[in-house]
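To keep things clear, I will list the structure first and then write my remarks on it.
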Amino acid sequence: MKRTISIALLLAGTVLFAGCGGKHNVNEPPAAGTQAPGSSGNAEEGASTSTNPLDSDAANAARSLNAAPPSKRIIYFDFDKSEIKQEYADIVTTAARNLTGNPNLKLKLEGNTDERGTREYNIGLGERRAQAVRRALMLQGVAESQLSTTSFGAERPAVEGDDESAWSQNRRVELVYGP
Amino acid sequence: MNKLCSLVLLGFLMWGADARAEFVVEVTRGQTQAIPIAVVPFASAAETAASFDVAQMISEDLARSGRFKTMDVKDMIDQPHAGANIAFDDWRRLNNDYMVVGSLQSTAADRFNITYELYNVLTRQRLLGFQISANRPGLRLASHQIADAVFEKILGIRGAFSTRIAYIAVLGHVPTKNYELVVADADGENPHVVTQSKEPLMSPAWSPDGGRLAYVSFEDRLSTIYVQDLKSGERRRISAHAGVNQAPAWSPDGKKMALTLSTRDGNLDVYIMDLDSQALTRITDDPGIDTEPQWSKDGQSLYFTSDRAGGPQIYKVGIRPGDKPRRMTFQGSYNARPRISPDESQMSFVTQDEGGYRIATMDLRGHGDMQVLTKGPFDVSPSYAPNGAVIIYATRDRGRGVLALVSADGRVQQRLVASEGELQEPAWAPF
Chain A
137 MKRTISIALL
147 LAGTVLFAGC
157 GGKHNVNEPP
167 AAGTQAPGSS
177 GNAEEGASTS
187 TNPLDSDAAN
197 AARSLNAAPP
207 SKRIIYFDFD
217 KSEIKQEYAD
227 IVTTAARNLT
237 GNPNLKLKLE
247 GNTDERGTRE
257 YNIGLGERRA
267 QAVRRALMLQ
277 GVAESQLSTT
287 SFGAERPAVE
297 GDDESAWSQN
307 RRVELVYGP
Chain B
-18 MNKLCSLVLL
-8 GFLMWGADAR
2 AEFVVEVTRG
12 QTQAIPIAVV
22 PFASAAETAA
32 SFDVAQMISE
42 DLARSGRFKT
52 MDVKDMIDQP
62 HAGANIAFDD
72 WRRLNNDYMV
82 VGSLQSTAAD
92 RFNITYELYN
102 VLTRQRLLGF
112 QISANRPGLR
122 LASHQIADAV
132 FEKILGIRGA
142 FSTRIAYIAV
152 LGHVPTKNYE
162 LVVADADGEN
172 PHVVTQSKEP
182 LMSPAWSPDG
192 GRLAYVSFED
202 RLSTIYVQDL
212 KSGERRRISA
222 HAGVNQAPAW
232 SPDGKKMALT
242 LSTRDGNLDV
252 YIMDLDSQAL
262 TRITDDPGID
272 TEPQWSKDGQ
282 SLYFTSDRAG
292 GPQIYKVGIR
302 PGDKPRRMTF
312 QGSYNARPRI
322 SPDESQMSFV
332 TQDEGGYRIA
342 TMDLRGHGDM
352 QVLTKGPFDV
362 SPSYAPNGAV
372 IIYATRDRGR
382 GVLALVSADG
392 RVQQRLVASE
402 GELQEPAWAP
412 F
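For the protein sequence lines, the chains are A and B, in the order given.
Per my numbering, residue 137 is the first one in the first sequence, and the count goes up by one each step.
Per my numbering, residue -18 is the first one in the second sequence, and the count goes up by one each step.
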């Protein structure tokens, strides 16, 4: 997981820098099937890699944080919105504290939507929600390198159903810690 | 309706243990001008009689298109097998405009000759007369091909009965779901699981030659785009950048893939990837969500969804540097996921209005007239048949994901209900 994120950050950095401001060719290192061995200290993004033994503090911390009740690690959203509501401010603050207090700890933010609308556009909406949480955490001092986002759009509902009761439980960002 | 029930039973009997979904066709709205045709049971020797009912397959295909009203076998007082034996006046009196007769002969162990003829009942003119050779597994395809020939001869439109569809099947329930990418015949028969995963699969896209499928997989809980060869089963990962890798769309020449990637800050934009070199060209650069790209027929432009103006709308942009996107949809606050008809005369997409999410079309050649085809409220993922005459899409029926068909002019509607699981994201293969 860690290697994947490091390489992913490297590639993302390349795409970001090369892609600014218009259309031009970006020659990407082939991503096809290559999860290249973890490169150390790629300076472009400040991405760093370090190998932690399985029982490290970060791994333990992640495990126990991920075992917390959902109310501590899931942020819910209103329909078509990506603003973090006041009632979830504590989750953000606590997460920020966890991360700033343990620089080896990483957090993946998984964005989700309810089932309505087109699937690919919903991927974008889920990503928007994950990014809102990411920005809020960075504003509270969390390092970029500790954060990553994923969007599942409408593909991983927590609750099945064609009504607002189900939908409201699916519009969410889940906080998933890792070493 | 009785005929439909017996079809369902026959379907059950024919299914093997790995049948995942089975289609029950309910023609919910038929075209009032459906052409009456009689497909007479084909003659066949006793030992082949139980094997395969070619006439029934042809009849079902034609009926399912909504363009034909097929005659019930039990109303046929006579069953001729060749033109010379047809008492045309009788068939005319029973209000048939056309009829198909034929025979099935066994030529070797498990090899057959199918002879068929299509007649205009009024003029008594023979319009088609052919013999097809097929082995036993090929009888199904041969029947679809005959239906195609009859369809095209009478309507002047190429038939799409012998084509395939791909779709995603989701089995089980939260939290132990199983996702399958399935390829089946256009009538839902013969499903084959192309790939499966415990994590979501999305966005199947056929290569222009029909030999490969691109799709999005979340198997590492990260979105990744794969291209899989359908014959060999081998697959190649073509996009695994950090963040979002979504919405693959093959260029008409099969050499490039349009796709959606995200920047570090989660900004989704449309890119083109050269499939040989993997070189990326960025096409959109806008803070909004830009996604769901589809190529124009000449490979020089992309249609895509963007919410740069607030809510999602459909835009078109040339792929050369400097080309500016031009907005295409102006009615309503949500228009997304464009699909272009094979001759680019029409665009199909998802629109949201007081009826919920519905399938709509827009005329691309005239004045951009928009027509809403379905009644919603959860109709999404349209895909054109390769003859442009029918659109398959995903909808919800009594709480389950099902697939449905609507003719491109909106007049004929059918529902395809699976026996197990949820069906979504259909993609119709090319010819």
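For each residue, glycine too, the CB sits at the ideal point set by N, CA and C.
Under the three-state reduction of DSSP, asparagine 368/B is assigned to coil, being neither helix nor strand. Of all alpha-carbon atoms in Phe69/B, Gly83/B, Gly119/B, the one lying nearest the alpha-carbon of leucine 103/B is that of Phe69/B. Cβ contact annotation for asparagine 66/B (same chain, cutoff 7 Å, sequence separation greater than five): none. DSSP places valine 102/B in the coil class of the three-state scheme, outside both helix and strand. Proximity of chain A to leucine 109/B at the Cβ level (cut-off 8 Å) is not reached, the minimal Cβ distance being about 42 Å. Leaving aside the five residues that flank alanine 186/B on each side, the residues in its chain whose CB is nearer than 8 Å to its CB run, in chain order, Leu194, Ala195, Tyr196, Pro229, Ala230, Trp231, Ala408. Residues of the same chain with a CB within less than 8 Å of the CB of phenylalanine 288/A, apart from the 5 flanking positions on each side, are Glu246, Gly247, Asn248, Ile259, Gly262 in chain order. For threonine 229/A, the enclosing alpha helix (DSSP H) begins and ends at 225 to 236.
Of all residues in the segment 181 to 208 of chain B, only Pro181, Met183, Ser184, Phe199, Asp201, Arg202, Leu203, Ser204 place a beta-carbon less than 8 Å from a beta-carbon of chain A. A distance of 9 Å or more separates the beta carbons of tyrosine 97/B and alanine 19/B. In the DSSP secondary-structure assignment, lysine 50/B is bridged to Pro17/B. In this structure, the CA atom of methionine 183/B is about 47 Å from the CA atom of alanine 26/B. Secondary structure at glutamine 312/B: coil, using DSSP grouped into helix, strand and coil. Scanning the segment 146 to 171 of chain B for uninterrupted beta strand (DSSP E) segments of 3 residues or longer gives 157 to 166, listed from N- to C-terminal end. Within the same chain, Cβ atoms closer than 7 Å to the Cβ of tyrosine 365/B are found at Arg320, Ser322, Pro323, Ser329, Ile372, Trp409, the five residues on either side in sequence being excluded. Counting of Cβ neighbours within 10 angstroms places arginine 233/A among the exposed residues, the total staying below 16. Runs of the beta strand (DSSP E) spanning 3 or more residues and lying entirely within the segment 228 to 262 of chain B occur at 237 to 243, 249 to 255, in chain order. Closest option to valine 383/B, judged by alpha-carbon separation, among Ser362/B, Asn368/B, Ala370/B: Ser362/B. Exclusion of the five residues before and after alanine 194/A leaves Asn188, Asn238, Asn240, Leu241, Pro315 as the residues of its chain whose Cβ lies within less than 7 Å of its Cβ. When Cβ pairs closer than 8 Å are counted between the two stretches, the segment 131 to 150 of chain B is seen to touch the segment 159 to 175 of chain B, the count reaching three or more. Counting along the chain, arginine 193/B sits inside the beta strand (DSSP E) bounded by residues 193 to 198.
Counting C-beta atoms within 10 angstroms of its own C-beta, asparagine 77/B has 16 or more neighbours from the protein chains shown and is therefore classed as buried. By the Cβ rule, the segment 80 to 96 of chain B counts as touching the segment 32 to 44 of chain B, because three or more pairs are nearer than 8 Å.
Membership of glutamate 296/A in any beta strand (DSSP E) is not indicated, and neither H nor E is assigned to it by DSSP. Interface criterion not met: the Cβ of glutamate 219/A is under 9 Å from no Cβ in chain B. Taking C-beta atoms as the reference points, leucine 249/B and lysine 237/B fail to come closer than 9 Å. At least one CB of chain A lies nearer than 9 Å to the CB of arginine 377/B.
Residues of chain B with a Cβ closer than 7 Å to the Cβ of glutamine 267/A are, in chain order, Asp246, Gly247. Pairing glutamine 14/B with arginine 48/B, the inter-Cα distance amounts to about 7 Å. Its Cα nearest to that of histidine 125/B, the residue Ile95/B stands out among Ile206/B, Gly347/B, Ile95/B, Arg105/B. In chain order, Thr254 make up the part of chain A whose C-beta sits under 7 Å from the C-beta of valine 331/B.
Boundaries of the beta strand (DSSP E) harbouring methionine 343/B: 337 to 344, taken from the DSSP string.
Between alanine 123/B and glycine 140/B, the C-beta gap is not smaller than 9 Å, which leaves the two residues out of contact. Under the three-state reduction of DSSP, lysine 356/B is assigned to coil, being neither helix nor strand. Here the alpha carbons of lysine 50/B and isoleucine 16/B stand approximately 6 Å from one another. Val353/B is the residue among Val353/B, His222/B, Asp266/B whose C-alpha sits nearest the C-alpha of serine 388/B.
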